[in-house]
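A.B. asks: Protein chains in written order, with my numbering: chain U, 1 to 65; chain H, 66 to 377. One structure coming up, written as structure tokens, with questions to follow.
Structure (structure tokens):
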């Protein structure tokens, strides 16, 4: 998702102007057009949790951590 | 608060399609959901996402009906959704706060907004037009409640109740329109689940009885929510007069069965249903030994009573 769109989603909607709403609608329509053309569309960012591999866990244990 | 159960009993007299569907799937599932009011923690997300999706499109339909342009109605619906998903000074289910491993992470705020905008644009020139009530109001988000001749006692008739998303005219015929959100692919396999189907028959009867509208069945508008896109499809679940009559007759028999289980205070498990309909949320309970189930329920389920008589 574009930073402009992400910033708008972070804001209190009571403070959004008609122009801000137009930007949200326009951006989403651009993504739809990209999707219809078979292009890659932006994915909503999600929290990623670092996974610790078993070998790394064993090493940490060996180090007493 | 009005209870959907006859006073002092577990005999339900006010039925919506959800509670009847639970009972038909599995009496034990019905018991946990309806009698005990339990809900699995992940289920609440799907329910809330669906309510918001319907709310946004209700807004859109009403604005269009009143003569707003397509873009005015889209803006109105987006504005409503943004406000409805702003909770305690922060966005509801912002994607960046959801773990990628979370099975419900597709049901986030950004995907909700994307889905409603894409849906409204997809059906910008929809041949399905909202019908008007006799008072001139649009037939959108219609609450219904009507008596059926299956009452256990004369003083407490049974009622069928619920909501219709929308009633439309499509190619000179009337239909109920029901909107669904899913993470499943919209193949013919997806739509087959609606024919035959309890909910679609229920809604057909409701439109015919409560609103005197001779609908031919239900148009199912489904939205698939996926990573990076939303996709839409439309299907028809038609019902003939004979099919409607049969459904009503069967419903009376289901109610008799529900009374028997309520009187016995025991709702048997239908172990042929557990893995259907996307998998029952109570599988983790039913796979436990009877003696530890209550402890497990306490720590894994919330109480959120489902009452068909409470308006949305």
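We put the CB at the ideal spot given by N, CA and C, even for glycine.
Rounded to whole angstroms, what's the CA-CA distance from residue 330/H to residue 118/H? Just pull it up for me.
C.D. replies: Your numbering for residue 330/H matches position 265 in the second chain. Your numbering for residue 118/H matches position 53 in the second chain. Cα to Cα, the separation comes out at about 37 Å.
A.B. asks: Determine the extent of the beta strand (DSSP E) in which residue 205/H is found, giving its start and end residues.
C.D. replies: Along the second chain, read from residue 1 onward, the residue named residue 205/H stands at position 140. Looking at the DSSP string, the run of the beta strand (DSSP E) that includes residue 205/H is 205 to 218.
A.B. asks: For residue 195/H, which option in 276/H, 141/H, 232/H, 89/H has the closest C-alpha, if you only look at C-alpha atoms?
C.D. replies: Translated into the one-based positions of the second chain, residue 195/H becomes position 130. Checked all of 276/H, 141/H, 232/H, 89/H; the closest Cα to residue 195/H is 232/H.
A.B. asks: Taking the beta carbon of residue 26/U as the centre, do at least 16 other beta carbons fall within 10 Å, making it buried, or is it exposed?
C.D. replies: On the first chain, position 26 is the one that residue 26/U refers to. That one is exposed.
A.B. asks: Along the chain, where does the beta strand (DSSP E) containing residue 289/H start, and where does it finish?
C.D. replies: As a working mapping, residue 289/H is identified with position 224 in the second chain. Residues 282 to 291.
A.B. asks: Once you ignore the five residues that flank residue 346/H on each side, which residues in its own chain have a CB closer than 6 Å to its CB?
C.D. replies: Here residue 346/H refers to the residue found at position 281 of the second chain. Closer than 6 Å at Cβ, skipping near neighbours: 105, 108.
A.B. asks: In chain order, what residues of the same chain lie with their CB nearer than 6 Å to the CB of residue 223/H, ignoring the 5 residues before and after it?
C.D. replies: On the second chain, position 158 is the one that residue 223/H refers to. Cβ within range, chain order: 78, 213, 215, 216.
A.B. asks: Please identify, using Cβ separations under 7 Å, the residues of the segment 123 to 151 of chain H that lie next to chain U, in order along the chain.
C.D. replies: Under the 7 Å Cβ criterion, the segment 123 to 151 of chain H contributes 139, 140, 143, 144, 147, 148, 151.
A.B. asks: In chain order, which continuous runs of the beta strand (DSSP E) of length 3 or greater are located wholly inside the segment 88 to 159 of chain H?
C.D. replies: 103 to 105, all fully within the segment 88 to 159 of chain H.
A.B. asks: Residues in its own chain within less than 6 Å of residue 103/H by CB, not counting five upstream and five downstream?
C.D. replies: Position 38 of the second chain holds residue 103/H. Result list for residue 103/H: 97, 366, in chain order.
A.B. asks: Can you give me the C-alpha to C-alpha distance between residue 156/H and residue 175/H, rounded to a whole angstrom?
C.D. replies: The count along the second chain starts at 1 and reaches residue 156/H at position 91. The count along the second chain starts at 1 and reaches residue 175/H at position 110. Their Cα atoms are separated by approximately 10 Å.
A.B. asks: Which residues in chain U have a C-beta closer than 7 Å to the C-beta of residue 292/H? List them in chain order.
C.D. replies: Position 227 of the second chain, counting from 1, holds the residue named residue 292/H. The contacting residues are 43.
A.B. asks: Measure the Cβ-Cβ separation of residue 114/H and residue 177/H and say whether it is below 9 Å.
C.D. replies: Taking the first residue of the second chain as position 1, residue 114/H is located at position 49. Taking the first residue of the second chain as position 1, residue 177/H is located at position 112. Contact: yes.
A.B. asks: Considering just the uninterrupted stretch of the beta strand (DSSP E) at residue 240/H, what are its terminal residues?
C.D. replies: As a position in the second chain, residue 240/H is number 175, starting the count at 1. Its beta strand (DSSP E) spans residues 238 to 247.
A.B. asks: Taking the Cβ atom as the reference point for each residue, do residue 20/U and residue 8/U lie within a distance shorter than 9 Å?
C.D. replies: Along the first chain, one-based indexing puts residue 20/U at 20. Along the first chain, one-based indexing puts residue 8/U at 8. Yes, the Cβ-Cβ distance between residue 20/U and residue 8/U is below 9 Å.
A.B. asks: Which residues of the segment 18 to 35 of chain U have a Cβ closer than 8 Å to any Cβ of chain H? Give them in chain order.
C.D. replies: Per Cβ criterion, the list reads 18, 21, 22, 24, 25, 28, 29, 31, 32, 35.
A.B. asks: Using the Cα positions of residue 291/H and residue 221/H, report the straight-line distance between them to the nearest angstrom.
C.D. replies: Within the second chain, numbered from 1, the residue matching residue 291/H stands at position 226. Within the second chain, numbered from 1, the residue matching residue 221/H stands at position 156. Those two C-alpha atoms are separated by around 46 Å.
A.B. asks: Nearest by alpha-carbon distance to residue 280/H: which of 245/H, 229/H, 255/H is it?
C.D. replies: Counted from its first residue, the second chain places residue 280/H at position 215. Comparing Cα-Cα distances from residue 280/H to each of 245/H, 229/H, 255/H, the minimum goes to 229/H.
A.B. asks: Does residue 77/H come out as helix, strand or coil in the three-state DSSP assignment?
C.D. replies: Residue mapping note: residue 77/H aligns to position 12 of the second chain, counting from 1. Here residue 77/H sits in strand by DSSP.
A.B. asks: Under 9 Å Cβ-Cβ, which residues of chain U neighbour residue 336/H?
C.D. replies: By one-based count along the second chain, residue 336/H stands at place 271. Here the premise fails: no neighbours, minimum Cβ distance about 36 Å.
A.B. asks: Using three-state DSSP, classify residue 195/H as helix, strand or coil.
C.D. replies: Taking the second chain and counting its residues from 1, the one referred to as residue 195/H is at position 130. Here residue 195/H sits in strand by DSSP.
A.B. asks: With a threshold of 8 Å, are at least 3 pairs of Cβ atoms found where one atom belongs to the segment 310 to 317 of chain H and the other to the segment 184 to 200 of chain H?
C.D. replies: Segments in contact, no.
A.B. asks: Once DSSP output is grouped into helix, strand and coil, what is the label at residue 201/H?
C.D. replies: Here residue 201/H corresponds to residue number 136 of the second chain, with the count starting at 1. Coil.
A.B. asks: If you count every other CB in all the chains shown that lies within 10 Å of the CB of residue 333/H, and 16 or more means buried, which is it?
C.D. replies: Taking the first residue of the second chain as 1, we reach residue 333/H at position 268. Its Cβ having fewer than 16 others within 10 Å, residue 333/H is exposed.
A.B. asks: For residue 301/H, which three-state DSSP category applies?
C.D. replies: The residue given as residue 301/H occupies position 236 in the second chain. Three-state result, residue 301/H: strand.
A.B. asks: Under 8 Å Cβ to Cβ from residue 368/H, same chain only, skipping five residues before and after it: list those, please.
C.D. replies: If you number the second chain from 1, residue 368/H lands on position 303. So the qualifying residues of the chain are 101, 102, 103, 104.
A.B. asks: Counting only beta-carbon separations shorter than 9 Å, does residue 123/U have a partner in chain H?
C.D. replies: With chain U covering 1 to 65 only, the question about residue 123/U has no answer from this structure.
A.B. asks: Taking only three categories from DSSP, how would you classify residue 47/U?
C.D. replies: Working through the first chain from its first residue, we reach residue 47/U at position 47. If DSSP states are grouped into helix, strand and coil, residue 47/U belongs with the strands.
A.B. asks: In the DSSP output, what is residue 326/H paired with across the bridge?
C.D. replies: To locate residue 326/H, count along the second chain from 1; it is residue 261. According to DSSP, which records beta bridges pairwise, residue 326/H is partnered with nothing at all.
A.B. asks: Residues of chain U with CB closer than 7 Å to the CB of residue 157/H, please, in chain order.
C.D. replies: Numbered from its first residue, the second chain carries residue 157/H at position 92. Result: empty, since nearest Cβ-Cβ is about 11 Å, beyond 7 Å.
A.B. asks: Considering just the uninterrupted stretch of the beta strand (DSSP E) at residue 226/H, what are its terminal residues?
C.D. replies: Translated into the one-based positions of the second chain, residue 226/H becomes position 161. Start and end: 221 to 235.
A.B. asks: Measuring alpha carbon to alpha carbon, tell me which residue in 1/U, 4/U, 11/U is nearest residue 153/H.
C.D. replies: On the second chain, position 88 is the one that residue 153/H refers to. Nearest of 1/U, 4/U, 11/U to residue 153/H, Cα basis: 11/U.
A.B. asks: From this set, 188/H, 166/H, 128/H, which residue's C-alpha is nearest residue 288/H's C-alpha?
C.D. replies: Residue 288/H sits at position 223 when you count from the first residue of the second chain. With distances taken between Cα atoms, residue 288/H lies closest to 188/H.
A.B. asks: Are residue 209/H and residue 276/H close, meaning C-beta to C-beta below 9 Å?
C.D. replies: The residue you call residue 209/H lines up with position 144 of the second chain. The residue you call residue 276/H lines up with position 211 of the second chain. Yes, Cβ-Cβ distance for residue 209/H and residue 276/H is below 9 Å.
A.B. asks: Count the other CB atoms, across all protein chains shown, that sit within 10 Å of the CB of residue 304/H; report buried if there are 16 or more and exposed otherwise.
C.D. replies: For the purposes of this step, residue 304/H is taken as the residue at position 239 of the second chain. So residue 304/H counts as buried.
A.B. asks: With DSSP collapsed to three states, give me the class of residue 267/H.
C.D. replies: Taking the first residue of the second chain as 1, we reach residue 267/H at position 202. Correct three-state label for residue 267/H: helix.
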